[in-house]
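Visitor: Heads up, the sequence shown is in this note's numbering, so the first residue is 5 and it goes up one at a time. Before anything else, here's the structure in question.
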Amino acid sequence: MWKDTNNRVCCMICISLVSHFGQKSGPTIIPVGGRVTLSCSVDDSDGWKYDWFRRTSNSNEAQLIQYFYLCLSVSTSVSVTLQPDWSQVFSGEKITVRCEIQGGGDTEWDYEWKTPQSTSHQTHVNYWTLSVSESSSGNYMCRGRNRRDSYSSTQWSKTITLTVSEKPKPQLSADDRDIPVGGSVTLSCSVNPSSGWKYYWYRGDQSSELLIRHDDVFNSSGKISVSQEGQYWCRGGRGEPVYYSQYSQSVRINRLVTVSNRVVVTLHPNWSEIYHGEMITVRCEIQGGDTEWEYEWETTSSIKPSNPKEFRISSASSSHSGNYRCKGRKKNAQHETTEWSDFIELTVNNSKSTSLTVSPDRVQHFTSDSVSLSCEGNSTEWRVRRFPEDSYLTLCSDWGTMTGSTCNISGLFSSAVYWCESGSGQFTNSVNITGHNMILMSPVHPVTEGQSVSLGCRLKTGQKLSNNVFFYQNDKLLQNDTRVELIISAVSKSHEGFYKCQHSGKESPQSWMTVKMLSATRTNVSVLLINI
């Protein structure tokens, strides 16, 4: 029982007060711009009229309300911002977290925050500044609370995420480590992937004074040109006061000294034009003295060579076509270099190289053998020519049958040199073929260093040779045991020469075996295998 302000006596009856949320009376927060509905009832009875009272936090007395009380406010919008608004923040930087409330008229606000370090804390101003560390990473939210009515507040803002990384180390690079005579090199400094940086440059060591103090140099491009040799460093800075990154790694820039040694690029074989699939060696030759050099290449071809003295193209293609030049640098004095050589041009013709093939694939044949000579290459018209030891130049039609690009011979009566000639005047390699009753089985075309070769001996009668076959190189006996073949497991240039075989007093003609280096040779109208 108690008295109200009109001195009326009230007695305690079981009364329930609920909000429209269906909850018993208690702390209920009215959202800004909204309202709540209160319901009062006397349990299990009716016929009641109800008086309403409101007590504020400033009064202990209950005031009779003769009307429904509504708390109204203008619509508000709340957001959290970071200043500076950088996409990436680093440990030690100062960041201001600000709570922005739009709307609300002239309401005076206190600010409530949710941060990674605390569930909630309050400030009287709408911002706070912190020196961040990696533990500052996380989500931030805020809301405003009416300073004159603690039950009136805004909604919570959306979260904003702050990510803090350790102090960054910039990357320093140079477009060249050597300053050419009368030139300069460009240095680039960057702190990625972040923004807002200006860059500071040093030469010597990290305690040196700034290399350049002009404000216009401290720009976001992070590039400068230098023409003095030395050890260079950089670091980035941003914000106010300036927050500095770590120092970069150092880059040593050297000033080159040009030596007088002459440099030339040579091709081996010395053909400026080669065909698809052929082999060639491109070599850098430095004249004068016995200095040990390191080599550097430049080329307009799409395939860039590494930096040895020479590089070998084992199977040429159009991507190897281009201009090549080189220079040398002394191994024991890296700042001393030659001038660039003149360019040399290499052209790779995609047309197939012309060639002559023999079937059966050997140099010596029996006099009664049928032999086919086939011309290969980028031509539709071919002529096969023969030059015998004791006669004159003739065509296939004089001693054989020409079918397309193949000349078929029904029998050989004398030794002769054979080759193909295309309609455009190109010549293939030439082959010396001989006919005898005892022959040396040897390859028609040159063999490459490192390959294995087998030489044999055969009689026209077809008699199988079981033993006592002697093999000679340049008339020097190589093998005279029971073996019937001469096997060379890995040929070298020393194996090049004339070969023949003997058996039971009979002797084959001599044939020349050519051994080519890996940088293959190509010959037009030249005898690769000779029989005597």
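All C-beta atoms, glycine included, are put in the ideal place defined by N, C-alpha and C.
1. Would Leu214 be called buried (16 or more neighbouring beta carbons within 10 Å of its own) or exposed?
2. On a CA-only basis, which of Glu489, Arg462, Thr384, Lys227 is nearest Thr410? Give me that one, please.
3. Excluding the 5 residues preceding and the 5 following Val451 in the sequence, name in chain order all residues of the same chain whose CB lies nearer than 8 Å to its CB.
4. Determine the direct distance from the alpha carbon of Glu296 to that of Cys330, and round the result to whole angstroms.
5. Taking one C-beta from the segment 103-122 and one from the segment 152-172 each time, how about it: are there three or more such pairs within less than 8 Å?
6. Who pairs with Leu482 in a beta bridge, going by DSSP?
7. As a quick exercise: from Gln506, Tyr115, Glu282, pick the residue whose alpha carbon is nearest that of Thr486.
8. Under three-state DSSP, which class holds Lys520?
9. Which same chain residues, not among the five before or five after Val375, have their C-beta less than 6 Å away from its C-beta?
10. Please identify the residue among Glu511, Thr285, Asn327 whose C-alpha is closest to the C-alpha of Phe315.
11. Tell me which residues share the same chain as Ser212 and place their Cβ nearer than 6 Å to its Cβ, disregarding the 5 neighbours each side in the sequence.
12. Going by DSSP, which residues form a beta bridge with Glu298?
13. My parser needs the beta strand (DSSP E) runs of 3 or more residues fully inside the segment 95-179; what are they?
14. Thinking C-alpha only, which one of Cys146, Ser122, Arg287 is nearest His128?
15. Cβ of Ser169 within 8 Å of Cβ of Phe94?
16. Does the count of Cβ pairs from the segment 265-272 and the segment 345-359 closer than 8 Å reach three?
17. Okay, do the segment 359-367 and the segment 441-449 touch, 3+ Cβ pairs below 8 Å being the bar?
18. What does the alpha-carbon distance come out to for the pair Met283 and Leu490?
19. Between the Cα of Leu444 and those of Phe431, Glu453, Asn471, Tyr476, spot the shortest distance and give me the residue it belongs to.
20. CA-CA distance, Ser192 and Ser428?
21. Going by C-alpha distance, which of Ser122, Thr111, Glu116 is nearest Asp153?
22. How about Asp394 and Ser418: are their beta carbons less than 8 Å apart?
23. Just to confirm the assignment, what range does the beta strand (DSSP E) spanning Leu392 have?
24. Out of Tyr299, Ser318, Ala320, which has the shortest C-alpha to C-alpha gap to Pro312?
25. Is the CB-CB distance between His280 and Val352 below 8 Å?
26. Give the range of the beta strand (DSSP E) segment to which Gln235 is assigned.
27. For a minimum of 4 consecutive residues, which ranges assigned as the alpha helix (DSSP H) are wholly contained in the segment 245-311?
28. With DSSP as the reference, label Ser321 as helix, strand or coil.
29. Based on the DSSP secondary-structure assignment, which residues constitute the bridge partners of Leu463?
30. Three-state secondary structure (DSSP) at His499?
31. Go ahead and pull the three-state DSSP assignment for Ser401.
32. In this structure, how does DSSP classify Lys468 when only helix, strand and coil are distinguished?
33. Can you give me the start and stop residues for the beta strand (DSSP E) that Lys227 sits inside?
34. State the start and end residues of the unbroken beta strand (DSSP E) segment that holds Gln455.
Guide: Looking at the atomic coordinates:
1. exposed
2. Thr384
3. Val457, Val495, Met517, Thr518, Val519, Lys520
4. 15 Å
5. yes
6. None; Leu482 has no bridge partner.
7. Gln506
8. strand
9. His369, Ile413
10. Thr285
11. Tyr206
12. Arg333
13. 98-107, 113-119, 122-127, 131-135, 142-150, 164-166, 175-178
14. Cys146
15. yes
16. yes
17. yes
18. 29 Å
19. Tyr476
20. 57 Å
21. Thr111
22. yes
23. As written in the sequence, residue 392 is Pro, which differs from the Leu given in the question. Segment 386-392, the beta strand (DSSP E) holding Pro392.
24. Tyr299
25. yes
26. 234-242
27. none
28. coil
29. Met442
30. helix
31. helix
32. coil
33. 227-230
34. Careful: Gln455 lies outside any beta strand (DSSP E) and carries neither H nor E.
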